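Chemist:
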Amino acid sequence: MDLVDIVKGIVNTRKDDDINDRFNHSYTAMVLVLFAVVVTTENYVGNPIKSNNETSGINLQNIVEIGEKYHEAETNENRDEQIKLITRHFNRYFGLKQRCKSGSIIWKKSLSVTYLATKMLYFLNALAQFIITDLLLSNGNLSVYGVTLVRDLLSGRTPESIFFPRQTLCDFYVRELGLEIIGTRHTVQCVLSINLFLQAIFSFYWFWLLLVLLYNLSNTFHWMVHLCSKSNSRSYVLKHIRQELLLNSSLDKCCRNDPQINKFIDQYLQTDGIFVLRLISRNISDIVMTDLTSALYENFKIMESVSNLESSFSFAKNV
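With the numbering used here applied, the sequence shown corresponds to residues 1 to 319, in that order.
(1) Looking only at C-alpha atoms, which of R175, Y205, V276 sits nearest to R185?
(2) How big is the Cα-Cα spacing for W208 and K119?
(3) So what does L169 bridge to, in DSSP terms?
(4) Report the three-state DSSP secondary structure of T184 (helix, strand or coil).
(5) The alpha helix (DSSP H) spanning R278 covers which residue range?
(6) DSSP three-state call for V144: helix, strand or coil?
(7) Which residue wins for smallest C-alpha separation from E65, given the options E77, T40, T75, H89?
(8) Answer with buried or exposed for I201, where buried requires no fewer than 16 other C-beta atoms within 10 angstroms of its C-beta.
(9) Check whether the Cβ atoms of Y115 and I58 lie closer than 7 Å to each other.
(10) When the Cα atoms are used, what is the spatial distance from N283 to L196?
(11) My assumption, with CB atoms under 8 Å, is that V237 sits in contact with T293. Please give the rounded CB distance.
(12) With a threshold of 8 Å, are at least 3 pairs of Cβ atoms found where one atom belongs to the stretch 145-153 and the other to the stretch 229-244?
(13) If you measure between the beta carbons of L227 and S112, is that distance less than 7 Å?
(14) Considering only residues of the same chain and omitting the five flanking positions on each side of D252, which have a CB-CB separation below 6 Å?
(15) Spatial neighbours of I280 within its chain, please: C-beta separation below 8 Å, excluding the five flanking residues on both sides.
(16) Using CA coordinates, which residue listed in L96, L124, D80, Y70 is at the minimum distance from Y268?
(17) To the nearest angstrom, report how far apart G140 and S285 are at their CA atoms.
(18) With a threshold of 7 Å on Cβ separation, who are the neighbours of L136 within its own chain once the five nearest residues in sequence on each side are excluded?
(19) Taking the alpha helix (DSSP H) that Q129 belongs to, which residues open and close that run?
(20) Of the choices N299, S305, V33, whose alpha-carbon is the least far from that of T87?
(21) Would you please state the rounded distance, in angstroms, between the beta carbons of Q199 and S161? I believe it to be under 8 Å.
(22) First and last residue of the alpha helix (DSSP H) that includes A73?
(23) To the nearest angstrom, how far is the alpha carbon of L32 from that of I274?
(24) Any idea if R278 is buried or exposed, counting beta-carbon neighbours within 10 angstroms, 16 or more meaning buried?
(25) Below 7 Å between beta carbons: does that hold for F130 and T220?
(26) Just reading off the alpha helix (DSSP H) that S155 is part of, what are its end residues?
(27) Do you know offhand how far L217's Cα is from E74's?
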């Protein structure tokens with residue numbers, strides 16, 4: 001029964017209560033609990049958001065797991081077995097890409113586009129929360145609250161907010177003989193010490209969101225440069241091909257004009273393939289990335305040799 005009375009007291013507002021009063025002594029705790037629940041729900045309910053492997057044609061999770069086994073393998077036989085599994089997976093994926101040449105550019109770069117779109121959503125989410133928090137702490141005016149807070153603290157002033165008042169008028173009832181059962185209402189000035197902690201919590205949240213916003217912005221820009229710059233992608237792939245494979249080329253050491261290298265990067269790997277290799281490098285190690293890229297390049301050269309032989313045989317047969 002007491003619990004029901006407490007709930008009724010929270011839901012039913014007094015006649016002299018406004019939104020600021022309700023926010024301070026009832027809603028703030030609920031908002032903080034809601035924030036905590038939203039952030040932690042994905043760890044306990046359902047599955048995290050993942051790239052749809054069925055439509056993209058490549059299972060990133062399996063590739064990363066195989067790469068981790070390769071990194072932890074103790075013998076060369078186990079390493080060769082794991083690298084063959086990854087290479088076979090890549091070959092199936094790249095073969096599917098080659099058979100769908102008539103598809104749209106967006107589909108050919110589906111993984112990269114999806115990843116960048118997800119990065120943008122993270123950035124917009126942090127930006128929206130940052131703006132709402134700044135409006136809350138700046139009395140409804142959009143401003144850089146953190147700068148104002150630091151300036152006030154350095155000058156010895158205490159920052160104030162209409163949403164976190166330090167003082168207010170509190171009502172209490174005193175029962176007196178011969179009067180109403182509920183007693184006589186008295187209004188006095190009181191201090192809301194809890195608002196000092198609440199404002200400090202939201203101020204910390206403002207600075208935390210600022211860090212998250214800057215990190216998301218820099219990370220999104222970083223990936224956009226890597227995925228949209230052809231010269232950057234080319235240099236990245238060449239750097240992770242073993243040198244002895246490049247030295248076997250009939251062209252110069254840098255292989256800048258090697259048509260086989262160009263075909264391997266532009267037509268075989270493409271943007272999504274280079275993106276997956278970057279993920280492997282970030283989540284496992286550069287060593288695994290180098291071995292995998294070299295294995296893919298060796299396999300590509302073998303397929304090119306077989307394709308050239310078949311073309312020559314077909315041409316000779318027609319002649």
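Just so you know, even glycine gets a beta-carbon here, dropped at the ideal spot from N, CA and C. Quick caveat, the model's predicted, so the values are computed rather than measured.
Modeler: Considering the structure as presented:
(1) R175
(2) 18 Å
(3) Q189
(4) strand
(5) 270-283
(6) coil
(7) H89
(8) exposed
(9) no
(10) 42 Å
(11) 6 Å
(12) no
(13) yes
(14) Caution is warranted here: a pLDDT of 45 is assigned to D252, below 50, making its placement in the model unreliable, and the coordinate value is therefore given only provisionally. Correct list: empty, nothing qualifies.
(15) I63, V64, G67, V288, M289, L292
(16) L96
(17) 48 Å
(18) F163, F202
(19) 110-137
(20) N299
(21) 6 Å
(22) Segment: none, A73 is in no alpha helix (DSSP H) and carries neither H nor E.
(23) 41 Å
(24) buried
(25) no
(26) No alpha helix (DSSP H) holds S155; DSSP gives it neither H nor E.
(27) 40 Å
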